[in-house]
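J.: Per this note's numbering, residue 1 is the first one in the sequence shown, and the count goes up by one each step.
Let me give you the structure first, and then I'll get to my questions.
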Amino acid sequence: GAGAGAGAGAGAGAGAGAGAGAGADDALFYEGKLRAARYFFRYELPRAAHQAELLLRLDDTCLTMPVAAF
1 GAGAGAGAGA
11 GAGAGAGAGA
21 GAGADDALFY
31 EGKLRAARYF
41 FRYELPRAAH
51 QAELLLRLDD
61 TCLTMPVAAF
């Protein structure tokens, strides 16, 4: 999407003054950041609402179970 293009451009521009290899390294660095963000938005954030609901219930079922019962 638009975010991918902006990130790739930022990576290439950031290393332009640091030598030929630095630009490629920067581009790979920012590519990794973009992919990590995509993963987080696709897989972790959708679970957060459900986990928040569970926490807000303040259910102590697991906390009050005796260790010997496991």
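Note that beta-carbon positions come from the ideal geometry of N, C-alpha and C, so glycine has one too.
Please report the straight-line C-alpha distance between Asp-59 and Lys-33, rounded to a whole angstrom.
T.: So the two alpha carbons sit approximately 37 Å from each other.
J.: Alpha carbon to alpha carbon, how far is Ala-24 from Met-65? Give it in angstroms, no decimals.
T.: Distance between the alpha carbons of Met-65 and Ala-24 is about 54 Å.
J.: Looking at the structure shown, is Arg-57 part of a helix, part of a strand, or coil, going by DSSP?
T.: If DSSP states are grouped into helix, strand and coil, Arg-57 belongs with coil.
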